[in-house]
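For the sequence shown, full-length UniProt numbering assigns the number 1 to the initial residue and increments by one for each residue that follows. Where a beta carbon is used, it is the ideal one built from N, C-alpha and C, also for glycine. None of these values were measured; they are calculated from a predicted model. Everything below concerns the one structure shown next.
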Amino acid sequence: MADVPPVEKIPEAKKERFDKLRSTFISKYGTEPDYFARAPGRVNLIGEHIDYCGYAVLPMAIEQDVIFATSSNADGKITFSNLNPVYKDFECDVSDITIPKDNPQWYFYALCGVKGMMEHMKKTTALGFNCVVEGTVPPSAGLSSSSALVCCAALTMMQANGWSLSKQELADMCAHCEHYIGTEGGGMDQAISFMAKHGTAKLIEFNPLRSTDVKLPFDTVFVISNSCVQANKAASSNFNIRVVECRIATQILAKSNSLEWKGIKKFAELQSLLLTTLDEMIDKVNKTFHKEPYTKTEICSILEVTPEELASTSLSENTLNVESFKLYQRASHVYNEAKRVVEFKQTCDLNASGTVEKLGELMTASHDSCRDLYECSHPDLDNLVQICLKSGALGSRLTGAGWGGCAVSMVRATDVLNFLAKVRDEYYLKSEERSTKILESLFATEPGAGAAIYKV
Ligand code: GLA
């Protein structure tokens, strides 16, 4: 039997929240909702910016989520209304969905999920739905608020039409359709949103997509702290530049190893074609690339292509004008980060003495690499990570795409209260603006459950 998202009863502890959504739905649409769909955000413990290179990552779902209170309609209309008035209502037809790439409004993420579902099911018409949306994942914070919206909308569309897809199909489909917004992410966020299980982190592997439970040390707690620097990855080309740098580095490595490079797009694909280990790939990176940035002219000459050919084999719409590419740094980050994920998982599995210290070291090394080699951190986030380490974290790192957003720290359970107090004093109370946001910015978290449908 296919592993489909579960249909559950509303948990007693969440009743109040669902009731509020339900009454808002009734006052907006004049009828009861038929069901609720829920998709969680996530925190990535290790494995940053490597999913789109084909490498495994290690996230867990968080409690914060997106919920749609929904009823289907036969006229093919999609109507979104958000509990938070900052987010404007939107309405369109299922058969006429346009998603601009230069204007990342909240509902366009939801429309990605609907459009993706229509295409996956090869439909030009379908039942629509009216919904009231509530999101508790902090936006632009690296906790996957956007993918939670995409996933929740896809799940809603599936339920509205009585279609049945497995969690894995949904995750693959959502990873693909989120690209309509213009960001070339990997599949981590959508995979964990559907495949998460309460109480366990997951190793997510790609090609084919699969997940394995990872038991985290019982005597530690993961704490999320938001730097309060917002980073909307669809609003700038930073993210896609990294994707493109990785693609070009892959292609240069492929060419220098006498492979037909044009069809090879991911570091992991290259590694399996070369039948090598990660250490051997790191060695190849060291021997192939110089540390100075590459110009487009130099890349074209190495790959023996014109700038127009390079644009079609390797670049994306919003990276056509990039002129400088740090290939050594990006490749080095990816292969070493892929190794750290393997070590993290092995260390958790072994659970020998020194486990928590080793996991902490790996997390901090991951942050250093994101900061120095991948250059996807932010000075405030670096400062926050340092404060977390000084406040007793065993390891601390940025999580998610970066350029702002959250840090995740591993802390001994016995130290957690002390840790929270120190980070509050040293990071949040040092700024008037941040001090108003402590509650929603600094919190302990534990592995949450994946997406589900809830009966009214
Ligand atoms: C975003 C993307 C993910 C992943 C992370 C960085 O969240 O959506 O696919 O690439 O950034 O690890």
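Check, Outcome
"Do GLY30 and ILE78 have their CB atoms nearer than 7 Å?", "no"
"Within 10 angstroms of the Cβ of SER258, are there 16 or more other Cβ atoms? Answer buried if so, exposed if not.", "exposed"
"Identify whether LYS455 lies in helix, strand or coil by the three-state DSSP scheme.", "strand"
"For a test of the three-state rule: what should DSSP assign to LYS296, helix, strand or coil?", "helix"
"Would you check if there are 3 or more beta carbon pairs closer than 8 Å linking the segment 37 to 51 to the segment 140 to 154?", "yes"
"What span of residues does the beta strand (DSSP E) with PHE218 cover, start to end?", "No beta strand (DSSP E) holds PHE218; DSSP gives it neither H nor E."
"I'd like to check one pair, GLY448 with MET410: are the Cβ atoms closer than 7 Å?", "no"
"Can you name, in chain order, every residue of its own chain whose Cβ lies under 7 Å from the Cβ of ASN207, other than the five neighbours on each side?", "GLY54"
"For HIS120, count neighbouring C-beta atoms within 10 Å of its own C-beta (all shown protein chains included) and say buried if the count is 16 or more, exposed if not.", "buried"
"I want to check one thing, is the minimum distance from the CB of MET188 to the heavy atoms of ligand 1 below 6 Å?", "yes"
"Report the three-state DSSP secondary structure of PRO33 (helix, strand or coil).", "coil"
"Does the distance from the C-beta atom of LEU270 to that of LEU253 stay below 7 Å?", "yes"
"How far does the beta strand (DSSP E) with PRO59 in it extend, from its first residue to its last?", "58 to 73"
"Is the Cβ-Cβ distance between ASP248 and ILE302 less than 7 Å?", "It is worth fixing the name first, because residue 248 is Ile in this sequence and not Asp. Not a contact, by the Cβ cut-off of 7 Å."
"Would you call the segment 194 to 201 and the segment 177 to 184 in contact, with 3 or more CB pairs under 8 Å?", "no"
"Note down, in chain order, each residue of its chain lying with its Cβ closer than 8 Å to the Cβ of GLU9, except the 5 sequence neighbours on either side.", "Glu is not the amino acid found at residue 9; the sequence shown has Lys there. Same-chain partners within the cutoff: TYR454, LYS455."
"Would you list the one or two residues that DSSP bridges to MET410?", "PHE222, GLY395"
"Could you say which of CYS131, GLU32, THR313 lies nearest to GLN251 if we only look at CA atoms?", "THR313"
"Quick check: the Cα distance between ALA148 and SER353, rounded to an integer number of angstroms?", "37 Å"
"Just tell me which of ALA421, GLU426, VAL356 has its CA closest to the CA of GLN386.", "GLU426"
"With the cut-off set at 7 Å, would you say SER146 and TYR109 are in Cβ contact?", "yes"
"Where are the beta strand (DSSP E) runs, 3 residues long or more, that stay fully inside the segment 199 to 265, in chain order?", "201 to 205, 210 to 214, 220 to 226"
"Identify which residue in LEU320, ASN318, THR319, SER332 has its Cα closest to the Cα of HIS290.", "SER332"
"Does DSSP put CYS131 in a helix, in a strand, or in coil?", "strand"
"Taking the CB atoms as reference points, tell me whether VAL66 and VAL221 lie closer together than 7 Å.", "no"
"The beta strand (DSSP E) spanning LYS77 covers which residue range?", "77 to 82"
"Specify the secondary structure class of THR306 as computed by DSSP and reduced to three states.", "coil"
"By alpha-carbon positions, which one of GLY405, SER72, CYS376 ends up nearest to SER142?", "The identity of residue 142 in the sequence shown is Gly, whereas the question assumes Ser. Considering only alpha carbons, the answer is GLY405."
"Do the CB positions of VAL356 and LEU394 come within less than 7 Å of each other?", "yes"
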